[in-house]
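Peer 1: All residue numbers for the sequence shown refer to the numbering used here, where the first residue is 151 and numbers rise by one.
Here a beta-carbon is modelled for each residue, glycine too, at the ideal position from N, C-alpha and C.
Keep in mind that this is a model prediction, so the values were computed, not measured.
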Amino acid sequence: MSGDPTFLFDIPIELVVELGRTQLTVGQIAELQEDDVLKLDSLAGQPLDILAGGRLFGRGEIVLEGDRVGLRITELVGHSSSSPLLAEAG
């Protein structure tokens, strides 16, 4: 290996956009029906967390792209443009 980390750019990683979380008992889950509303721990209009490989990567806001839902990245968390991998990507 030559020490060139750019080969890492081809590794697929799942990105997850988390709307919010809640905790229910097994009994409450068993009683869920269509049209029930779950209260989440996030507020309306609050930025959504973006997870990459299970770790917080950034935050964003929902946007509409035609008939599709998208996400505008508003913040990258814990990343530096001085990172060798990000410098290569830029």
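How about PHE159: is its C-beta nearer than 8 Å to some C-beta of chain D?
Peer 2: The question asks about chain D, but that chain is absent: this structure has only one protein chain.
Peer 1: Bridge partners for GLU225 per DSSP, in chain order?
Peer 2: Numbered from 1 along the sequence shown, position 75 holds the residue referred to as residue 225. Bridge partners of GLU225: ARG209.
Peer 1: Round the Cβ separation of GLY203 and VAL227 to the nearest angstrom and send it over; I've been treating them as touching at under 8 Å.
Peer 2: On the sequence shown, position 53 is the one that residue 203 refers to. On the sequence shown, position 77 is the one that residue 227 refers to. Actually they do not touch by this definition, with Cβ atoms about 13 Å apart.
Peer 1: Starting from the C-beta of GLU143, find all residues in its chain whose C-beta is less than 7 Å away, skip the five residues before and the five after it, and write them out in chain order.
Peer 2: Residue numbering for the chain in the displayed model covers 151 to 240; residue 143 lies beyond these limits and cannot be assessed.
Peer 1: Terminal residues of the continuous alpha helix (DSSP H) containing VAL176?
Peer 2: One-based indexing of the sequence shown puts residue 176 at position 26. It spans 176 to 180 - the alpha helix (DSSP H) in which VAL176 sits, taken as one unbroken run.
Peer 1: Just checking my contact of GLY170 with ASP191 at CB under 8 Å: how many whole Å lie between their CB atoms?
Peer 2: If you number the sequence shown from 1, residue 170 lands on position 20. If you number the sequence shown from 1, residue 191 lands on position 41. Yes, they are in contact, since the Cβ atoms of GLY170 and ASP191 sit about 5 Å apart, within 8 Å.
Peer 1: Quick check: what's the CA-CA separation for GLU164 versus THR172?
Peer 2: Numbered from 1 along the sequence shown, position 14 holds the residue referred to as residue 164. Numbered from 1 along the sequence shown, position 22 holds the residue referred to as residue 172. In a straight line, the C-alpha of GLU164 is about 22 Å away from that of THR172.
Peer 1: Output yes or no for whether 8 Å exceeds the beta carbon distance between ARG218 and GLY210.
Peer 2: Along the sequence shown, one-based indexing puts residue 218 at 68. Along the sequence shown, one-based indexing puts residue 210 at 60. For ARG218 and GLY210, no; Cβs fall outside 8 Å.
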